[in-house]
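Taking it in order: structure first as structure tokens, then the write-up.
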Amino acid sequence: MSFINYSGKEINCKIVYYGPGLCGKTTNLNFIYKRASPETKGKLISLATETERTLFFDFLPLSLGAINGFKIRFHLYTVPGQVFYDASRKLILRGADGIVFVADSQEARMEANLESIENLEYNLKEHNINFNTIPLVMQYNKRDLPNATSILDLERALNLRKVPYFEGVASTGKGVFESLKEIARAVILDLKKKT
Amino acid sequence: MTDSNWVLHEKDFKLVQEELTKLAALANAKITFLVDKDGHLIASAGDARNLDTTSLASLTAGNMAASGGIAKLLGEKEFTFLFHEGEKDHIHLSVIAQRVILVVIFDERSSLGLVRLRVRKSGEALTEIFTVILNATEKEAQDKENRSPFAAITEADIDRLFG
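For the record, the sequence lines run as chains A and B.
Numbering that gives the first Met the number 0 numbers the first residue of the first sequence as 0 and each following residue consecutively.
Numbering that gives the first Met the number 0 numbers the first residue of the second sequence as 0 and each following residue consecutively.
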């Protein structure tokens, strides 16, 4: 949950990239880190296995500028996507202000996408966060692959809340900043609504 | 304790900062800092100039969360403190008011015993401070007259963030 510091004039928000294994969550953060200007970004931390699979989380702090004199800082996290890391995934969701759900567009990964979004709903509930109201953005990644499911089918299966979605090719950066901007907007507007 | 958004005002920040500074001095610590369980840095005291405190805050919260997960598997509510021993520097983590993590980094000029003793005393003072802060945050959330910096925000303000 967000933390407003009147002394340091800072507002900190937590955004979590969620989705099945190998869908491109870490690739999103890597691209943001590569392209963000040095004065806005902190260090990218990856707690990964030797084979570069996310073990616990990736973390990237971003300072986006100021609103009404308050610096807006976003802490971006990824979760480990592999099914058996569920305990760790649940821990990362603690205090999340917004979610980017990264779906793998490949036909063969549809079931993994469905499992992951159900798992997201379940794990949010464990933290008393309502899946139906938390700011959420969908990113349909790997749109460049020939076996990609149609957007219509992905929308029908995964985007039951009808939140904004973006087509992505995270390895080239397509859809990455668009998703980030949209979730940042949604989180800020949600905070406005709550105050 | 509340699990919702929370706010730290200047006067409370000063109280927290004073307590951290006092703890750093009494425990002979290099650095003391407070992180909330979501990984946001709240305040620090001591020489943190060469330290990436943002990353440290995030990893500390992750560390505490992972240990909390292990505790639950063992049927414990939580582990109240963690200690990591390095060759030169050591780190002591403890939970305050169920919501924030007190971190003390120290070297051979101090000892685990001294740190634990001082942390226990500071922990009591910080618990009192945070109980007041968290209760006030809840009250402010209910008070519609008390507007946060987000209250008057416009779509144009948000667009400007992205240039």
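By construction, the Cβ of each residue, glycine as well, lies at the ideal position given by its N, Cα and C atoms.
All values reported here derive from a predicted model rather than from experimental measurement.
- Residues of the region 66–87 of chain A that bring their beta carbon within less than 9 angstroms of a beta carbon in chain B comprise Ile66, Asn67, Gly68, Phe69, Ile71, Arg72, His74, Tyr76, Ala86, Ser87, in sequence order.
- The beta-carbon of B/Glu9 is placed less than 8 angstroms from the nearest beta-carbon of chain A.
- Beta bridge pairing from DSSP links A/Phe176 with no other residue.
- Of A/Pro145, A/Val168, A/Tyr139, A/Leu144, the smallest CA-CA separation from A/Leu157 is found for A/Tyr139.
- Taking a Cβ-Cβ threshold of 7 angstroms, the residues of chain B close to A/Phe56 are Gly61, in chain order.
- Under the Cβ distance rule, A/Gly97 does not count among the residues neighbouring chain B, no pair being separated by less than 8 angstroms.
- Taken atom to atom, the span from the alpha-carbon of B/Ser43 to that of B/Leu73 is near 32 angstroms.
- Minimum Cα-Cα distance from B/Glu154 among the listed residues A/Ile150, A/Gly167, A/Ile66 corresponds to A/Ile66.
- A Cβ of chain B is located within less than 8 angstroms of the beta carbon of A/Ile187.
- With respect to chain B, the C-beta atom of A/Asn146 has no partner C-beta closer than 8 angstroms.
- CA-to-CA, the gap between A/Ile31 and B/Gly112 works out to about 44 angstroms.
- Sixteen is the threshold: since fewer than 16 other Cβ atoms of the shown chains lie within 10 Å of the Cβ of B/His83, the residue is exposed.
- A direct Cα-to-Cα measurement between A/Phe83 and B/Leu25 gives close to 44 angstroms.
- Contacts with chain A at 8 angstroms (Cβ-Cβ) do not include B/Asn49.
- Rounded to whole angstroms, A/Asn11 and A/Lys180 show a C-alpha spacing of 16 angstroms.
- Between A/Val168 and A/Arg184, the gap from beta carbon to beta carbon reaches 8 angstroms or more.
- For the C-beta of A/Leu90, the chain B residues within less than 8 angstroms are, from N- to C-terminus, Gly61, Ala64, Ala65, Gly67, Gly68.
- In the structure shown, the three-state DSSP call for A/Asp57 is strand.
- Between the C-alpha atoms of B/Thr31 and B/Leu22 there is a straight-line separation of about 7 angstroms.
- No Cβ-Cβ contact shorter than 8 angstroms links B/Thr59 with B/Ala96.
- B/Lys29 places its beta carbon less than 8 angstroms from that of B/Asp46.
- Listed in chain order, the non-local C-beta contacts of A/Tyr17 below 6 angstroms within the same chain comprise Val78, Ile98, Phe100, Leu119, local neighbours out to five positions each way being set aside.
- Here A/Arg72 carries a strand assignment [DSSP, helix/strand/coil].
- Beyond the five residues adjoining it in sequence on each side, B/Gly122 comes within less than 6 angstroms, by CB distance, of Ile95 in the same chain, given in chain order.
- The three-state reading of DSSP puts A/Asn112 in helix, counting H, G and I together.
- Under the three-state reduction of DSSP, A/Tyr32 is assigned to helix.
- Straight through space, the alpha carbons of B/Ile41 and B/Ala124 are spaced by roughly 16 angstroms.
- Collapsing the DSSP output to three states places A/Tyr84 in a helix.
- Looking at the DSSP output, A/Thr77 sits in a beta bridge with A/Tyr16, A/Asp57.
- Residue burial annotation: A/Glu125 is exposed, with fewer than 16 other C-beta atoms found within 10 angstroms of its C-beta.
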